[in-house]
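Under the working numbering, the very last position in the sequence shown is 898; numbers go up by exactly one each time.
We put the beta carbon where it would ideally sit given N, CA and C, even for glycine.
Note that the structure is predicted; figures quoted are calculated from it, not measured.
Notes follow the structure.
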Amino acid sequence: IAELYGMADSLFVGNFVSDKALASLSIVYPIQKILIAMGVMFGVGFATQVSKANGSGDEESIKKSLVSGLYSSLLIMLLTVVFLFLFKEKILYSVGATRELIVEAKAYFNFIIIGAIFINTGAFISHVLLSFGNSRVSLFANLIGCVINVILDYILIVKLNYGVTGAGFATMVSQVVAFIYAFSLFRKFTKENKISLKARINIRLVAAAIAIGVSAFAVESVDGVVTAVLNVLASAAGGEKAISILGISLRIYMFLFLANFAVAAAMQPMASYSYGAGNHERLRDVVRKSIFLSTLVQVISLIICMIYARELVSLFTSNQALILETEKAFKYMIIAVPASSVYYISIFYFQALGRVKTSLFLSVFRHIFIMLPLSLILVKVFNMGLLGVWISYPISDIVAGLFSIYLLKGEREDLEEMEEELAEKAYAA
């Protein structure tokens, strides 16, 4: 979600404002990722609860989960936004901002954190309605938001010269409109199913949802944390220009990540339902097809991006020197991206089965245990500079992919043993 809005803002700011302004957006990006992660956590957590309750026919749990999820996600986001407003300057400096970038970074940041309230609550709605088979809510909400964002970016940045402030305002307004659309469909759904929104928050359900969704939070948030560290490393190695290179590369790279996330998120409720119903054969089939589809999409995307890397980068800036350096960095970063497909599928698979610890560990494995220390070692110990930042991506993708295959194989064997035990008990009876 952050990628879609950030992509539009970066396109207009990079082309119609300045490379410095583009770097200021890159500074705010890690914080956007962490904020979005909170919405995804609630969405995935409550969607999983709803899917399991739906599979077992527990209508009362469905109603309580929907109401608790809506109000708890909204409340926590409001508290988070207040905290961010109070300490925004310290936070921005900690994620790589410099004195030259801080003014524009704060201008963008102010609007982004307000918009986060609406986009995160909308993310919860999209996830839970997806668990009932309504995939259009997320699609159209994001589509509406992005179209409005592009239109407002053009008006405020190109025509009215409001720069970074215009980009932030455009994003906030588009997120509010997207939320209104999603909430109208959510309200229609609750009325049709006679679900009252006057019910109280169920703390037990909220805690359970957070426990389930914490892996999804980790996937999004650790990426933001690592990006913040990479911003600091890039800034030390190459200044504002390096931050711009990293920012442009990540905008395109994370757009590729959306395909992985979309397939994995769509797979999760199906996997939860199959596992809850005891249909292990269907569960295996869902996982196999999801891995195949995600990998196929990534291979095709990789080929396209390698061929048209320069053209993609030039969408964000007209600075030829910056284009050439970013093209080279981007190709290093994406060369092993298909290997990440099985990694993201595995995270959501274990999450769907209620294997919270395994899913959580996998969520942070690539970023915290591989990419973060690897980039620090390559840059600080081996003095590889920016190259160390770029190549940490493909190495991390490969290692994480291989480790995920190992875990999936072990889980498959456990399910087969469970089936054999059930068959023996049935035969004995």
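Whole angstroms is fine: what's the gap from residue i's alpha carbon to residue j's?
i: F872; j: T764; result: 16 Å
i: G538; j: F515; result: 6 Å
i: A678; j: K667; result: 20 Å
i: A697; j: V564; result: 5 Å
i: F578; j: I545; result: 19 Å
i: A506; j: Y801; result: 26 Å
i: Q644; j: L553; result: 19 Å
i: L426; j: C774; result: With the chain represented from 470 up to 898, any question about residue 426 goes unanswered, as that position is not in the structure.
i: T720; j: L494; result: Inspection of the sequence shows that residue 720 is occupied by Arg rather than by Thr. Rounded to whole angstroms, R720 to L494 spans 11 Å at the Cα level.
i: H596; j: L621; result: 27 Å
i: L831; j: S525; result: 28 Å
i: I714; j: G857; result: 14 Å
i: R753; j: A703; result: 42 Å
i: A895; j: V497; result: Only weak support is given to the placement of A895: the predicted model assigns it a pLDDT of 48, under 50, and the value that follows is read from those uncertain coordinates. In a straight line, the C-alpha of A895 is about 58 Å away from that of V497.
i: L599; j: S844; result: 37 Å
i: I760; j: V868; result: 17 Å
i: T795; j: G708; result: 14 Å
i: V572; j: F609; result: 34 Å
i: Y623; j: M736; result: 36 Å
i: Y540; j: G602; result: 22 Å
i: V606; j: K657; result: 12 Å
i: D692; j: Y474; result: 17 Å
i: N852; j: L771; result: 29 Å
i: V766; j: M723; result: 14 Å
i: L891; j: E750; result: Summary for L891: the model assigns pLDDT 49, below 50, so the residue's position carries little reliability; its value from the coordinates is reported in the next sentence. Roughly 14 Å separates the two Cα atoms.
i: I531; j: S665; result: 12 Å
i: G682; j: A490; result: 34 Å
i: L855; j: Y813; result: 26 Å
Mind reading off the beta-carbon distance from residue i to residue j? Whole number of angstroms is fine, and I expect it under 8 Å.
i: S690; j: K502; result: 7 Å
i: V848; j: A746; result: Between A746 and V848 the Cβ distance is about 49 Å, and since that is not below 8 Å, they are no contact.
i: I581; j: G637; result: 6 Å
i: V755; j: P807; result: That pair is no contact at about 20 Å.
i: N618; j: A477; result: 5 Å
i: I583; j: V486; result: Wrong, their Cβ atoms sit about 21 Å apart, outside the cutoff.
i: L791; j: K710; result: 7 Å
i: S815; j: L876; result: 6 Å
i: I613; j: Y562; result: Not a contact, Cβ separation roughly 35 Å.
i: V811; j: G870; result: 5 Å
i: F686; j: I594; result: Contact flag wrong, Cβ pair sits at about 17 Å.
i: A778; j: D866; result: A778 to D866, Cβ: 17 Å. No contact.
i: T827; j: D488; result: No, T827 and D488 are not in contact; Cβ-Cβ is about 43 Å, not under 8 Å.
i: A821; j: T517; result: 7 Å
i: V551; j: L535; result: With a Cβ gap of about 26 Å, V551 and L535 do not count as contacting.
i: S684; j: V509; result: Contact doesn't hold; Cβ gap of about 10 Å is too wide.
Would DSSP call residue i helix, strand or coil?
i: T640; result: helix
i: T795; result: helix
i: Y562; result: helix
i: L871; result: helix
i: S665; result: coil
i: N788; result: coil
i: T567; result: coil
i: F658; result: helix
i: Y812; result: helix
i: F556; result: coil
i: R779; result: helix
i: L822; result: coil
i: M476; result: helix
i: S542; result: helix
i: A805; result: coil
i: F578; result: helix
i: S530; result: helix
i: S600; result: coil
i: G854; result: coil
Could you spell out the range, first to last residue, of the alpha helix (DSSP H) harbouring residue i?
i: Y498; result: 488 to 525
i: P842; result: 841 to 845
i: S832; result: 825 to 833
i: N630; result: Looking at the DSSP string, N630 is not in any alpha helix (DSSP H), and its letter there is neither H nor E.
i: S770; result: 749 to 776
i: P738; result: 672 to 745
i: F609; result: 605 to 622
Count the CB pairs spanning the segment 629 to 638 and the segment 471 to 486 that are closer than 8 Å, and state whether there are at least three.
Contact annotation: the segment 629 to 638 touches the segment 471 to 486, with at least three C-beta pairs closer than 8 Å.
Would you call the segment 832 to 844 in contact with the segment 860 to 870, where contact means no fewer than 3 C-beta pairs closer than 8 Å?
yes
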